[in-house]
Amino acid sequence: METLTVKVGNVLIGGDNPIVVQTMCNTHTSDVEASVAQCIRLAKAGAQLIRLTVPSLAQVESLRQIKEILRSEGISTPLVADVHFSSEIAIAAASVVEKVRINPGNFHKDHDKAREQFARLVQVCKENGTAIRIGLNHGSLGERITNLYGNTPLAMKEAVMEWLDMCVENDFYNVVVSLKASNTFVMVEAYRLLAKEMQNNGIVFPLHLGVTEAGNGDGGRIKSAVGISALLSEGIGNTIRVSLTEDPENEIPVAQYLADRYDHRIHSSMVSVSIEGKKAVASYSAPTRERLILDFACDFGKRLLDKELDEVELTGVDDAEYLTDELMQAARRRFYRPEYIACPGCGRTMYNLEGTFEEVKRRTSHLKGMVIAVMGCIVNGPGEMADADWGYVGEGNGKVSIYKGKSPILRHVPENEAIDRLLELIAEEQ
Ligand code: SF4
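In the numbering used here, the protein residues as written are 32 to 461.
Rendered as structure tokens:
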């Protein structure tokens, strides 16, 4: 899909440029030393853009220091400020780093004030050559939009179009857009609707793709690959982030695989496939297990999502049944275990997210079909959990809130008791 070209420091996104691989630090941005060290590791691993959370105005200064140290060490990777709930932080960060990500769902509470503040942000971006990502998430759609369109892919598209219109009104085109969701079907539909509408309007902004809160391990990789590959295979998408609840370095090879595959630098290792009716049987000669699961997810994820196929069978590997179950679940065609929503963690995370998520998975694996969220922070977590039945949300200071749907039903639970409390509450409901 032909798009505008956006300049983020020394990286170009969209136009004829290759797909850009990006990731996000999970250090505290105020810990400048740790953030610099992680940025260096991520840049060396192949990240072309690195995002850091900026939860307060004070951390804009940390961001400035991080950037200065990186540049003095010869690391030129552009930095992106991730901003929620404060248009003032976005405006301050726009003169410090190469790109600012804002979330339209929480840029400013008041709609008219949001327009004013956005015009100020654009002005600073123009003066400094900074790019903006309009980064909308399914879980954090504003109330005004959900009242009009429901909690749907259409609502996501409509919400983001308002902001793209504001960019055009302000004569500002250095803009990338994302419409992430944890649900692969919702995510793919939202991007398709947006791509079509932008094409109809004749101004196509580059798209940043991602399946948000995809989790970890095989499941996180397969889910991310299903959603992202479905769109890249249609020519939709210019930059990608694979969100895993793991060390962010682990995201890079997965994202690089997707970029390489859809920029036609590598091909699937599938050696045979037979399709009868709506069932496919396939085998692979992949060099690694990660490569096998990514090839499998990309070869069949979109066809399952779009219901061109109803069943797939993988042959020739020991855990074929498990990998097929994971793929069917990622494409939302069959649920064999709970559906987990787990954020990747960032500088707002105040507890051992990876370890807790593993423990929650281990102790809830029998709850087939239930949607369970494990979120790193109380600021964004509840809003990003989308359609979770239950949520484990870190408050900080060793405390956790437990949510049922969108409502907190237990607050300030000590971390060492929180999984027990969650399981008790779930048992009471069953
Ligand atoms: S929900 Fe997770 S990734 Fe999002 S801001 Fe909070 S800790 Fe960071």
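In this text, a Cβ means the ideal position worked out from N, Cα and C, and glycines have one as well. In this text the structure is predicted, and so the values were computed from the model without any measurement.
Classification of residue i by the beta-carbon crowding that lies within 10 angstroms, buried from 16 upward
i: Q461; result: exposed
i: L80; result: buried
i: T54; result: buried
i: P318; result: exposed
i: D294; result: exposed
i: L152; result: buried
i: L336; result: buried
i: R296; result: exposed
i: L384; result: buried
i: A23; result: Residue 23 lies beyond the residue range present for the chain, which begins at 32 and ends at 461; the question has no answer from this structure.
i: A458; result: exposed
i: H298; result: exposed
i: K140; result: exposed
i: S305; result: exposed
i: V63; result: buried
i: I283; result: buried
i: G46; result: exposed
i: L179; result: exposed
i: R175; result: exposed
i: G268; result: buried
i: Y353; result: exposed
i: V428; result: Note that residue 428 corresponds to Asn in the displayed sequence, not to Val. By the 10 Å Cβ count, N428 comes out exposed.
Beta-carbon contacts of residue i that lie in its chain and below 6 Å, excluding the five residues immediately before and after
i: V285; result: R252, V273
i: F388; result: T276, A373, V405
i: E119; result: none
i: G376; result: N57, L384, G407
i: L323; result: Y315, A317
i: P439; result: S432
i: F331; result: V343
i: G364; result: The sequence given here has Arg at residue 364, not Gly. The residues are L335.
Residue i - containing alpha helix (DSSP H), residue span
i: E104; result: Careful: E104 lies outside any alpha helix (DSSP H) and carries neither H nor E.
i: I283; result: 282-293
i: V424; result: Taken as a continuous stretch (DSSP letters only), V424 belongs to no alpha helix (DSSP H), being part of the beta strand (DSSP E) at 421-427.
i: V217; result: 215-232
i: T177; result: 174-180
i: S406; result: It is worth fixing the name first, because residue 406 is Met in this sequence and not Ser. Per DSSP, M406 belongs to no alpha helix (DSSP H); it is in the beta strand (DSSP E), 402-406.
i: V199; result: 184-200
Contacts around residue i, its chain only, beta-carbon distance under 7 Å, and the 5 residues preceding and following it disregarded
i: V431; result: Y423, V424, G425, V444, E446, A449
i: V366; result: Just to set this straight, residue 366 is Phe in the shown sequence, not Val. Counting only Cβ-Cβ distances below 7 Å, and skipping sequence neighbours, we find Q360, K399, G400.
i: E280; result: R72, L73, A76
i: M187; result: L167, H169, L172, L210, A221
i: M229; result: V235, F236
i: P184; result: V217, E220, A221, L224
For residue i, the first and last residue of its enclosing beta strand (DSSP E)
i: I433; result: 430-435
i: A162; result: 162-168
i: Q69; result: Taken as a continuous stretch (DSSP letters only), Q69 belongs to no beta strand (DSSP E), being part of the alpha helix (DSSP H) at 63-76.
i: A373; result: 370-373
Spatial neighbours of residue i in its chain, beta-carbon cut-off 8 Å, leaving aside the 5 residues before and after
i: T346; result: V312, A313, S314
i: L94; result: T60, L83, V85, L110, A112, A124, V127, V128
i: T177; result: A186
i: G250; result: E357, Q360, A361, Y371
Candidates the options, of which the one nearest residue i by Cα
i: A123; options: L275, T215, L88, P184; result: L88
i: K437; options: V402, E455, G427, G429; result: V402
i: R368; options: V348, S117, S396; result: S396
i: D291; options: K144, V206, A256; result: A256
i: L289; options: F138, M192, I50, S66; result: I50
i: T161; options: L453, Y204, A417; result: Y204
i: A328; options: R320, L358, E99; result: L358
i: M416; options: E244, E339, G250; result: E244
i: R102; options: P413, T183, V219, G40; result: G40
i: D420; options: K227, Y371, I97; result: Y371
i: A65; options: V52, Q96, I44, A190; result: Q96
i: E158; options: V207, K130, K144, E147; result: K130
### Query
Which runs of the alpha helix (DSSP H) fall wholly inside the segment 242-266 and span at least 4 residues, in chain order?
Taking only runs of at least 4 residues, the alpha helix (DSSP H) segments lying wholly in the segment 242-266 are 248-263.
### Entirely enclosed beta strand (DSSP E) segments - the segment 122-149, minimum 3 residues
List check, beta strand (DSSP E) in window: 130-133.
### Task
Ignoring anything shorter than 3 residues or poking outside the segment 318-357, list the beta strand (DSSP E) runs there in chain order.
If we require 3 residues or more, the beta strand (DSSP E) runs fully inside the segment 318-357 come out as 342-346.
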